[in-house]
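Going letter by letter, the sequence shown gives residues 469 to 870 in this note's numbering.
Report on the structure given below.
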Amino acid sequence: MNASVIIKSQRDDFPGIDADWHYLDTAATAQKPKAVLDAIARAYGPDYATVHRGVYARSANMTMAYEAARKRVAKFLNASSDSEIIFTSGATDSINLVAESWCCENIGAGDRIMLSQLEHHSNIVPWQLAAQYMGAQIDVAPLTEDGQVDLDWIEANITEKHKLVALAHVSNVLGSLLDAKRAEKIAHGVGAKLLLDGCQAAPRVKVDVQELGCDFYVFSGHKLYGPTGIGVLWAPYAILDSMPPWKGGGSMIDRVSFEGTSFAPPPGKFEAGTPHIAGVMGLDAAIQYVQDIGIENISAHENKMLADARDALRNINSVKLFGPENSMGILSFAIGDVHPHDVATILDEGGVAIRAGHHCAQPLMEYLDVPATARASFGIYSDESDIEALVKGVERVRKIFG
């Protein structure tokens, strides 16, 4: 069965998308299906109670639902145990957790961290802060001509001084898909750990942390059709167990006294305070929604949308496309000397919503020698009308700017 037909019928599940509005900014944040909105409403309404504390029935039921969501996330990533799943406020929070907890025990003066030119600021700044504090150094891998992380360069330049390699699984600007298995072999070949930023990958490709062989995997719920304010950090239990607590407070303790405190085992050790209960319920519903459709079907649909958009835009004079041909659901482009903010404004007048700017990837913009790009990104709800409206808007930009 054609994947586009399967997915296109889901457009009505998204109340945030009007018939005459073309949402092409899914890489920034995905629209939410009714199933997720309903789950959040139930969590804040008839099901609401705290978790891990109350002995009354509703609290116990909410606790069971909360921990069932953790099990769903573990299965979604093919984790060995739900104890390997840490709920955070988002991928940024997850990366900072690793930078401030794992790094303080495992990176010292003279050590090195390997990043790439296409990383999101959230996969750059936490490592810069950690490196500055620890006296470590950061190396930055260049890109290939078609916008992939140059793993040949990393393999040639990585040394045993490198303790961590942190790379985007899918670029939020270029849509390029990392050869994560090769990255794992390179990192582990010198004894380094590998962290993968899965924000753009988790909604688009099947993620199997056992097969990938990485040491840390992070993603945000709001890019996976779930709510904002909820994210995930996965790591093998042995690594989590060896890491010191990051934040102190309720829930993450075993026993507290003024003489000293003992801490709960993972995942509790990293989940201080009252958690984002409704966010976890929304994430649970989002993952179920995606799994019911099938991540392979979603990927096939987005890739078809992307291929059609690339074919349409490349035939328009003065349009420059960035990234590889086989990018994952994300297309960055420029129109002559027109600033991307002007492009986005004119497209918005025609009911087309795209992202324009540096996409929290200023080093990549410098590398591409552009101030910014326009970016169209697709999702479950995208269809041919979105591409037609995008092309029409681009043609209007060209007419206005000559």
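Note that the Cβ used here is the ideal one computed from N, Cα and C, for glycine as well.
Source: prediction; values computed, not measured.
Note down the Cα distance separating residue i from residue j, rounded to an integer number of angstroms.
i, j, result
"residue 478", "residue 849", "6 Å"
"residue 816", "residue 789", "20 Å"
"residue 780", "residue 853", "13 Å"
"residue 590", "residue 559", "8 Å"
"residue 536", "residue 523", "18 Å"
"residue 469", "residue 487", "Per-residue confidence for residue 469 stands at a pLDDT of 41, beneath the threshold of 50, marking its modelled position as unreliable; the derived number appears in the next sentence. Cα to Cα, residue 469 sits roughly 25 Å from residue 487."
"residue 572", "residue 785", "52 Å"
"residue 829", "residue 644", "14 Å"
"residue 702", "residue 812", "36 Å"
"residue 821", "residue 865", "14 Å"
"residue 753", "residue 548", "21 Å"
"residue 727", "residue 496", "46 Å"
"residue 851", "residue 615", "26 Å"
"residue 859", "residue 778", "10 Å"
"residue 602", "residue 718", "29 Å"
"residue 657", "residue 583", "16 Å"
"residue 627", "residue 867", "53 Å"
"residue 723", "residue 609", "45 Å"
Are residue i and residue j close, meaning C-beta to C-beta below 9 Å?
i, j, result
"residue 800", "residue 617", "no"
"residue 630", "residue 607", "yes"
"residue 567", "residue 525", "no"
"residue 744", "residue 482", "no"
"residue 671", "residue 498", "yes"
"residue 704", "residue 683", "yes"
"residue 692", "residue 735", "no"
"residue 775", "residue 802", "no"
"residue 546", "residue 676", "yes"
"residue 732", "residue 715", "no"
"residue 528", "residue 587", "no"
"residue 791", "residue 557", "no"
"residue 673", "residue 795", "no"
"residue 769", "residue 846", "yes"
"residue 738", "residue 711", "yes"
Would you grab the beta carbon distance between residue i and residue j for me? Rounded to a whole angstrom, and I think it's under 8 Å.
i, j, result
"residue 490", "residue 819", "6 Å"
"residue 632", "residue 680", "Not confirmed; about 16 Å, so no contact."
"residue 561", "residue 699", "6 Å"
"residue 585", "residue 831", "6 Å"
"residue 594", "residue 625", "Their Cβ separation, rounded to whole angstroms, is 22 Å, which puts residue 594 and residue 625 out of contact at 8 Å."
"residue 530", "residue 519", "5 Å"
"residue 604", "residue 622", "With 8 Å as the limit, residue 604 and residue 622 do not qualify as a contact, their Cβ atoms being about 17 Å apart."
"residue 647", "residue 611", "Wrong, their Cβ atoms sit about 13 Å apart, outside the cutoff."
Kindly list the residues whose CB is nearer than 7 Å to the CB of residue i, restricted to its own chain and excluding five residues on each side of it in sequence; keep chain order.
i, result
"residue 508", "695, 746, 749 and 750"
"residue 532", "none"
"residue 833", "826, 839 and 840"
Excluding the 5 residues flanking residue i on each side, which residues of the same chain have their C-beta closer than 6 Å to its C-beta?
i, result
"residue 869", "806"
"residue 678", "546"
"residue 755", "540 and 544"
For residue i, verify whether its CB is less than 8 Å away from any heavy atom of the ligand SAM.
i, result
"residue 717", "As presented, the structure is devoid of all ligands, the ligand SAM included, so that no description of it is given."
In chain order, what residues of the same chain lie with their CB nearer than 8 Å to the CB of residue i, ignoring the 5 residues before and after it?
i, result
"residue 652", "662, 680, 681 and 682"
"residue 836", "790"
"residue 782", "789"
Practice task
Evaluate the contact criterion for the region 497-508 versus the region 753-763: three or more CB pairs, one atom per stretch, below 8 Å.
Solution key: yes
Exercise for the section: Examine the Cβ distances between the region 543-554 and the region 568-577 and report whether three or more of them are shorter than 8 Å. Expected result: no
Exercise for the section: Please determine if the region 508-521 and the region 739-756 are in contact, where contact requires at least 3 C-beta pairs separated by less than 8 Å. Expected result: yes
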